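Okay, structure first, notes after.
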Amino acid sequence: MKKKSIFLIIISSILGLGVIMILTGLAFGGKVYSFSIGRNTVESSKSVSHNLPAISLSDTKDIQNLDFDLNANKIEVKTGKEFSVQGGRLSENTVENGVWTMKSNFSDYFYKFQLFGLSLTFPKVRNNKKDYEKITITLPDDIKLQDITITAAAAELDIDLLHCETFDLDVSAGDVLIESLFTDTADISLSAGELDIDKYQILQSGDIDCKAGDLNLGEKKYGKENLCNNLDVTCSVGDADIYGKLTSNSYITCSLGDITLYLAGGQGNYSVDHSSSSLGDITFFNGEGQVSSGSNEVYGTLDVDCTLGDIDVYYLGN
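Under our numbering, residues 5 to 322 are what the sequence shown spells out, in order.
Here is the structure:
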C-alpha cells in the first residue's frame with residue numbers, strides 16, 4: 005500500500021508540473037496547438053463484398069490487370085481454376101475495364117490515435133482471428149496478365165507464381181516471398197523488410213531499389229536458370245543477394261550496405277565497363293570452386309559503384 009501511495013504521488017506531481025508549465029506558457033502568450041486524443045481514421049462498418057460479379061471468373065479476358073493495395077495483412081496469392089478472394093477485410097474489391105482493384109485499409113486492422121501531434125497505433129482484436137487476418141487470392145492457372153501493381157505495407161505476402169508483361173511492387177515494412185516471377189519489366193522498391201524472389205525471368209529490364217531491408221533476388225539452386233536483362237539495382241541501407249544471369253547492361257550501386265552477385269557463367273562472360281569505390285570494397289572472385297564457364301560469349305556489361313559498403317561478385321559457371 006505504501007508503494008502504491010508513493011507511485012500515485014509521483015504521477016500526480018508529474019501531471020501537476022505539466023499543467024503548471026502549460027498555464028505558464030499561456031500566461032506569456034503561448035497557444036495550445038494540440039491537446040487531444042481521438043480517432044484519426046474513418047472505417048466502414050463492414051467489409052465490402054468478396055464476390056466478383058458480372059465477370060467470368062475463369063475467362064482471362066475480363067481481368068487483364070491487377071491493382072492491389074494491401075495493408076497489415078497476411079496475404080497468399082496462389083493459382084487455381086478461377087479468380088477469387090477469401091478472408092480479411094476489404095475496403096475495395098472491383099473489376100472495371102479489365103482491372104481488378106483490391107484494397108485493404110490500415111484502419112481495418114489497427115486503431116490510430118493522435119496524442120500531442122504524435123501518431124500511435126494499436127492492433128484490433130477479433131474473435132475469428134484466422135479468417136480476419138489472412139487474405140487468400142487465387143489466379144487462374146497458366147494466366148499471363150498485362151500489368152500487375154502490388155503495394156504492401158506492414159504485410160506478409162506469399163506469392164506462388166506471377167506471369168505478366170509489367171510488374172510493379174512496393175513493399176514498406178513487410179515480408180514478401182515470390183516463388184516464381186516471369187515478366188518483361190520489373191520495378192521493385194523495398195523500404196523496410198525482406199523480399200525473396202526464388203525463380204525469375206525478367207526479359208527487358210529490372211529496376212530494384214533496396215532502401216532498407218534484405219533483398220534476395222534468386223535462390224542458389226536456380227542461379228544458373230534465372231535471368232535479368234538490363235538490371236539496375238540500388239542498395240542504400242540494406243543487403244542484397246542476387247543469383248542469376250545478367251544480360252545487356254547492369255548497374256550495381258551500393259551506398260551503405262552489402263551487395264553480393266552470384267553470376268551464371270564465368271568471369272570471361274561479363275565485361276566490367278566501370279568500377280569505382282569511395283570508402284567501400286569491390287571484390288571480384290574467380291568463382292565458387294574456381295569454376296569455368298566453358299564459353300567466351302559476353303552476356304553483358306557491369307557498372308559497379310560502391311560508396312560505403314561491400315560489393316562481392318562470384319561466378320557460378322554453366
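Each residue gets a CB set at the ideal place from its N, CA and C atoms; glycine is no exception. All figures in this text were calculated on a predicted structure; none of them were measured in a lab.
- Assigned with DSSP and collapsed to three states, tyrosine 226 falls in helix.
- Between asparagine 233 and glutamine 208, the C-beta spacing is below 9 Å.
- Taking the C-beta atoms as reference points, isoleucine 152 is found nearer than 9 Å to aspartate 172.
- A check of alpha carbon separations from isoleucine 246 across Gly178, Asp285, Leu199 identifies Leu199 as the nearest.
- Residue environment analysis places threonine 238 among the buried positions, since at least 16 neighbouring C-beta atoms fall within 10 angstroms of its C-beta.
- Spanning the alpha carbons of glycine 261 and leucine 194 requires a straight line of approximately 14 Å.
- In this structure, the CA atom of tyrosine 274 is about 5 Å from the CA atom of glycine 304.
- The C-beta distance from threonine 311 to leucine 283 rounds to 7 Å, short enough to fall under 8 Å.
- Counting along the chain, alanine 76 sits inside no beta strand (DSSP E), nor does DSSP assign it H or E at all.
- Secondary structure at isoleucine 24: helix, using DSSP grouped into helix, strand and coil.
- If only complete runs of 3 or more residues are kept, the stretch 217-274 shows the beta strand (DSSP E) at 231-233, 235-268, in order along the chain.
- When the beta-carbon positions are compared, alanine 156 and asparagine 75 come within less than 9 Å of each other.
- Exclusion of the five residues before and after phenylalanine 288 leaves Val317 as the residues of its chain whose Cβ lies within less than 6 Å of its Cβ.
- Boundaries of the beta strand (DSSP E) around serine 88: 88-90.
- Boundaries of the beta strand (DSSP E) harbouring glutamine 150: 149-157, taken from the DSSP string.
- Lys215 is the residue among Ser279, Lys215, Asp307 whose C-alpha sits nearest the C-alpha of valine 241.
- Its Cα nearest to that of aspartate 188, the residue Ile206 stands out among Gly197, Ile206, Leu21, Asp202.
- When the five nearest sequence neighbours on each side are left out, the beta carbons in the same chain lying within less than 7 Å of the beta carbon of threonine 105 are those of Asp71, Glu96, Thr98, in order along the chain.
- The beta-carbon distance between lysine 228 and asparagine 300, rounded to whole angstroms, is 17 Å. This is too long to meet the 8 Å contact definition.
- Distance from isoleucine 163 to isoleucine 182 at the Cβ level is roughly 4 Å; contact confirmed, criterion being Cβ atoms closer than 8 Å.
- About 7 Å separates the CB atoms of aspartate 307 and serine 254; that is less than 8 Å, so the two are in contact.
- With fewer than 16 neighbouring CB atoms inside 10 Å of its own CB, valine 276 falls in the exposed class.
- Here serine 281 has Cys310 as same chain residues with Cβ atoms under 7 Å from its own Cβ, once five neighbours each way along the sequence are excluded.
- The Cβ atoms of glycine 84 and leucine 143 lie closer than 9 Å to each other.
- The alpha-carbon of glutamine 271 is positioned some 23 Å away from that of lysine 203.
- For leucine 312, the enclosing beta strand (DSSP E) begins and ends at 304-321.
- In the three-state DSSP reduction, serine 282 falls in the coil class, being neither helix nor strand.
- Taking C-beta separations shorter than 8 Å and ignoring five residues to either side along the sequence, the partners of lysine 224 in its chain run Tyr247, Tyr266, following chain order.
- In the DSSP assignment, isoleucine 139 falls within the beta strand (DSSP E) that extends over 138-144.
- Only residues of its own chain outside the window of five on either side were considered, and among them Cys214, Leu219, Ile263 have a CB closer than 6 Å to the CB of alanine 244, listed in chain order.
- In this structure, the CA atom of serine 108 is about 15 Å from the CA atom of valine 175.
- Following the DSSP letters along the chain, one finds serine 108 inside the beta strand (DSSP E) bounded by residues 103-108.
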